[in-house]
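*Asks:* Before we start, here is the structure in question, set down as C-alpha cells.
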Amino acid sequence: MSSPAQPLAESLVQSVDWLAIAPPTVAAVVALAVLVADLFAADTRKPLLGWLSVAGLAASTALLLPLLDGDRSTFCLTGDPSACSYTADPFTLVIQFLVLGGALLVALLSVTVLKDARGRLPEGEFWFLLLSSAAGAALLPASRDLATLVVALEVASLPAFALVGIRHGDRKSSEAALKFFLSSVTATAVSLMGISFVYATTGTLYLTQVADRIQHVDGQLHTLAQTGVVLTLVGFAFKTAAVPFHFWVPDTYVGAPLPIAAYLSVVGKAVGFSGLILVTVIGFPSYADVWGPALAALAALTMTVGNVGALRQQATRAYSAVRLLAWSSVGQAGYLLVPIAAAAYTDEAEHAIGSTVAYALMYAAVNLGAFAVAAMVGRTSARNRLTDYRGLYARNPLCALLLAFFLLCLAGLPPGIIGLFAKVTVFSAAVDAGLGWLAVVMAVNVVIALYYYLQWTALLFRAPEGEPVKHRVPAPLTAAITLTAAAGVVLSGAPQLVLRFADTGLF
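Numbering (our numbering), first residue to last: 65 to 571.
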C-alpha cells in the first residue's frame, strides 16, 4: 500500500530534457575540465587548454542544431506545464547561437593574445572564466523565471569582472575591473529589489504567471508593482550599456585584454538585451505604458551620447581606436533599444523584437571583425591609436579592406548591405509603432556616426608615414577575421537570412 507522501514526492520530481540544456551545460563542463587540467598541465602544455576551450565552444554551438525541430521546455511546474524555468524556442536558439558563436570567435582571438603575452596572463584561469561566462550567457535567453534570469546574469557577469582585471600588476586593468564590478553590483542590487517587489505583489517568479497576475494586483499594491517593474529593468539596462548606465564602458574596454573588450561588446550586450526582452515582452506586457516610454527615452539618449562620445575621440590619443569602438558600441546599443521600446506601442511585438534580434546578429558579426583587425594592429602598435591605422592598406591590403567593410557595415553604407538593411528594419519598427520622433533621432545619429566611421576608413588608405612594414598574421587571428568577414559578406549578399527573423517573429 502506497503512503500518502508518495504522490507528493512524485510531484516534486522533474524530468530533465538533457538535449535542451546541452549547449550551456557543455560549456560549463568544459570550463571545469580546463580548470582541472590546468592543475596538472606543464607550462609547455598550457596552450592546449586554449584549443580545448575552442573545441568546447564549437561543440556547444553545434548542439544547437538538434534543437531546431521544435520548442522544448524543461524544469516545469507539474501542476502548470506552461510555467517552466528553461525553454529552448527560436528566440533562445538565435541568441544562444550569437552568444556561443561570439565566444568562439573571442576564443580564437584570445589564443593569439595569450601566446603574445608569454606567460604574463594565467591561461588556465583565463579559459575557465571565459567558458563559465559563456555558459551563463547561453543560459540567460532560455530562462523563463526571474530567479534563473538573475542567476544566469550573474554567472555571465562575475567571471567577466575577473577577465577585465586578469593582467596582474596592471593598474589600468585593475581600475577598469573595479569600476565595472562596483557599477554592476549596484545595478544588480537594484534589480533584485525590483524582483522582490514583483514577487511580493504576484506571489510567483515564473514570467508567464507574472504576466497574468500582475494585471490583477490589489489597488494598494499597484505602486509597489510599478516600482518593481522599473527597478527590475535597471540591471538589464546596465548590461546593455544604456545611458546613464554606460560610464564603465570606455575605461573597461581599454583596461581589459582586447578579446575581452570584444566579448563584452557583443556577448555582454546579448545578455542584457535578451534579459530585457524577456522581462518586458513576456513578464510585464501589461505595464507597457511604464517601460515603453522609459526605453524610448533611453534609446534616444544612448545613441546620442554614444555617437557624440565616439565623434570626440582624438586620433593621436592612446587607445583611441579601442575607445572609439567602445563609444560606438554604446551608440549601437541605442539602435538595439529602439525596437524593444516600439514593442510597447504596437500589437505586433513579435515583429519589433525580431528587428532587435536581426540587428544584433549583424552587429555581432561585423563588430567582432573590427575588434579582430584591431587585435592584429595591436600586436605591433601597443597604444592602438587611430593614427596607427594610417596606411594599413600598404602594410596589409586584405585586413585594411576587411576593416573598411566592417566599418561601412556599422555605418550602414554599401557594400555593407546587411548594415543598411538592419538599420532600415529598426527604423521601420519605430515608424510602424508611431514613434516618429525616435525615428528622427535615429536618422540624425546615423548621420553623426557616418562621419567618424568614414574618417577611420579614409585613414586606412592614406599614404603611410615611413616605410610600410608587413607583419605575419597568426593562424587563429586569421581564422577569426576570416569567419567574421565571411559572415558579413554572406549576410550582405543574402540579408534575408537575418531579416527573416524580423518578418516571422520569435515568440
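The C-beta atom is built at its ideal place from N, Cα and C for all residues, glycine as well.
1) Below 8 Å on the Cβ atoms is my guess for V177 versus P321; work out the distance and round it to an integer in Å.
2) Please state whether the Cβ-Cβ distance between G339 and M367 is less than 8 Å.
3) Given a cut-off of 8 Å on the beta-carbon distance, is the pair F391 and Q377 in contact?
4) Here's a check: name, in chain order, each residue in its chain whose Cβ is nearer than 6 Å to the Cβ of C140, leaving out the five neighbours to either side.
5) Give the DSSP-derived three-state secondary structure of S137 in the structure shown.
6) Spatial neighbours of W82 within its chain, please: CB distance less than 7 Å, with the 5 preceding and 5 following residues excluded, ordered by chain position.
7) Please specify which runs of the alpha helix (DSSP H), each continuous and at least 4 residues long, are wholly inside the segment 390-468, giving them in chain order.
8) So what's S207 in DSSP terms, helix, strand or just coil?
9) Take L162 as the anchor and find which of T142, L328, L271 has the nearest alpha-carbon.
10) Rounded to a whole number of angstroms, what is the C-alpha to C-alpha distance between A439 and P130?
11) Just to check my reading of the structure: V437 and C463 have Cβ atoms closer than 8 Å, yes? What is that Cβ distance to the nearest angstrom?
12) What is the DSSP secondary structure of P559, reduced to helix, strand or coil?
13) Does the pairing of the segment 245-263 with the segment 292-299 give three or more beta-carbon distances under 8 Å?
14) DSSP three-state call for D81: helix, strand or coil?
15) Below 8 Å CB to CB, which residues in the same chain sit around L72 once its five sequence neighbours on both sides are set aside?
16) Quick one: what's got a C-beta closer than 8 Å to L388's C-beta in the same chain, skipping five residues either side?
17) Less than 6 Å between C-beta atoms, sequence neighbours within five positions excluded: which residues of the same chain meet that for L456?
18) What does a CB cutoff of less than 8 Å around L474 pick up in its chain, not counting 5 residues either side in sequence?
19) Taking D209 as the reference, give the member of T548, A551, S260 with the closest Cα.
20) Could you work out which residue in F491, R536, F470 is closest to V554 when comparing CA atoms only?
21) Can you list, in chain order, the residues of its chain whose CB lies under 6 Å from that of T138, leaving out five sequence neighbours each side?
22) Under a three-way DSSP split, which group does T268 fall into?
23) What does A152 pair with, by DSSP beta-bridge criteria?
24) Does DSSP put Q284 in a helix, in a strand, or in coil?
25) Given a cut-off of 8 Å, decide if Y351 and I278 are closer than it, judged by their beta-carbon atoms.
26) Should the segment 396-408 be regarded as contacting the segment 353-361, the criterion being three or more beta carbon pairs within less than 8 Å?
27) By the three-class DSSP mapping on this structure, what secondary structure does A305 have?
28) Helix, strand or coil for W312 per DSSP?
29) If I measure Cβ to Cβ from A326 and keep anything under 7 Å in the same chain, skipping five residues before and after, which residues do I get?
30) In chain order, what residues of the same chain have a beta carbon less than 6 Å from the beta carbon of R574, not counting five sequence neighbours either side?
31) Taking only the alpha-carbon atoms, compute the straight-line gap between Y399 and V228 and give it to the nearest angstrom.
32) Can you give the Cα-Cα distance for P314 and Q284, rounded to whole angstroms?
33) Specify the secondary structure class of A527 as computed by DSSP and reduced to three states.
34) Please state the DSSP three-state secondary structure of P71.
35) Taking the beta carbon of A241 as the centre, do at least 16 other beta carbons fall within 10 Å, making it buried, or is it exposed?
36) Check whether the Cβ atoms of L217 and L271 lie closer than 8 Å to each other.
*Replies:* Inspection of the coordinates gives the following:
1) Position 113 of the sequence shown, counted from the first residue, corresponds to residue 177. Position 257 of the sequence shown, counted from the first residue, corresponds to residue 321. 6 Å between Cβ atoms; contact.
2) Taking the sequence shown and counting its residues from 1, one reaches residue 339 at position 275. Taking the sequence shown and counting its residues from 1, one reaches residue 367 at position 303. Taking 8 Å as the Cβ cut-off, G339 and M367 do not qualify as a contacting pair.
3) By 1-based counting over the sequence shown, the position of residue 391 is 327. By 1-based counting over the sequence shown, the position of residue 377 is 313. Just to set this straight, residue 391 is Trp in the shown sequence, not Phe. Going by C-beta atoms, W391 is nearer than 8 Å to Q377.
4) Here residue 140 refers to the residue found at position 76 of the sequence shown. Within the same chain, C140 has close Cβ partners C148.
5) Within the sequence shown, residue 137 is the residue found at index 73, counting from 1. Three-state DSSP puts S137 in a strand.
6) Within the sequence shown, the letter at position 18 stands for residue 82. So the list is empty, once near-sequence residues are dropped.
7) 413-442, 456-459
8) Counting from one through the sequence shown, the residue named residue 207 turns up at place 143. Here S207 sits in strand by DSSP.
9) In the sequence shown, counting from the first residue as 1, residue 162 sits at position 98. Checked all of T142, L328, L271; the closest Cα to L162 is L328.
10) Within the sequence shown, the letter at position 375 stands for residue 439. Within the sequence shown, the letter at position 66 stands for residue 130. For A439 and P130, the distance between alpha carbons rounds to 34 Å.
11) Looking up residue 437 in the sequence shown gives position 373. Looking up residue 463 in the sequence shown gives position 399. Yes, V437 and C463 are in contact; Cβ-Cβ is about 5 Å, under 8 Å.
12) Here residue 559 refers to the residue found at position 495 of the sequence shown. Of the three classes helix, strand and coil, the one that applies to P559 here is coil, per DSSP.
13) yes
14) The residue given as residue 81 occupies position 17 in the sequence shown. Correct three-state label for D81: coil.
15) Translated into positions along the sequence shown, residue 72 becomes position 8. Confidence at L72 is low in this model, with a pLDDT of 43, below 50, so its placement is unreliable and no value can be given for it.
16) Position 324 of the sequence shown, counted from the first residue, corresponds to residue 388. Around L388: A374, Q377, L450, Y516, W520.
17) Translated into positions along the sequence shown, residue 456 becomes position 392. Closer than 6 Å at the Cβ level, and outside the excluded window around L456, lie A464, L524.
18) Residue numbering aside, residue 474 sits at position 410 when the sequence shown is read from its first letter. S392, Q396, Y427, V430, N431, A434, G480, G483, A513, Y517.
19) On the sequence shown, residue 209 is found 145 positions in, with the first residue counted as 1. Of the candidates T548, A551, S260, the one whose C-alpha sits nearest the C-alpha of D209 is S260.
20) Position 490 of the sequence shown holds residue 554. Here the closest residue by C-alpha is F470.
21) One-based indexing of the sequence shown puts residue 138 at position 74. Around T138: V80, D81, A84, Y150.
22) For the purposes of this step, residue 268 is taken as the residue at position 204 of the sequence shown. Of the three classes helix, strand and coil, the one that applies to T268 here is coil, per DSSP.
23) As a first step, residue 152 is located in the sequence shown; it is residue number 88 there, counting from the start. In the DSSP output, where bridge partners are listed per residue, A152 has R136.
24) Locating residue 284 in the sequence shown gives position 220, where the first residue counts as 1. Helix at Q284.
25) As a first step, residue 278 must be located in the sequence shown, where it is residue number 214. As a first step, residue 351 must be located in the sequence shown, where it is residue number 287. Result yes, Cβ atoms of I278 and Y351 sit closer than 8 Å.
26) yes
27) Working through the sequence shown from its first residue, we reach residue 305 at position 241. Coil.
28) As a first step, residue 312 is located in the sequence shown; it is residue number 248 there, counting from the start. Here W312 sits in coil by DSSP.
29) On the sequence shown, position 262 is the one that residue 326 refers to. Result list for A326: V170, L173, L432, F435, in chain order.
30) Because the chain in this structure spans residues 65 to 571, residue 574 falls outside the shown range and cannot be described.
31) The residue given as residue 399 occupies position 335 in the sequence shown. The residue given as residue 228 occupies position 164 in the sequence shown. Looking at the two C-alpha atoms, the distance is approximately 26 Å.
32) Along the sequence shown, read from residue 1 onward, the residue named residue 314 stands at position 250. Along the sequence shown, read from residue 1 onward, the residue named residue 284 stands at position 220. Distance between the alpha carbons of P314 and Q284: 43 Å.
33) For the purposes of this step, residue 527 is taken as the residue at position 463 of the sequence shown. Of the three classes helix, strand and coil, the one that applies to A527 here is coil, per DSSP.
34) Translated into the one-based positions of the sequence shown, residue 71 becomes position 7. Since pLDDT at P71 reaches only 47, below the 50 mark, its modelled position is unreliable, and the value read off the structure follows with that caveat. Three-state DSSP puts P71 in a helix.
35) Working through the sequence shown from its first residue, we reach residue 241 at position 177. Result: buried.
36) Counting from one through the sequence shown, the residue named residue 217 turns up at place 153. Counting from one through the sequence shown, the residue named residue 271 turns up at place 207. Their beta carbons are not under 8 Å apart, which means L217 does not touch L271 by this criterion.
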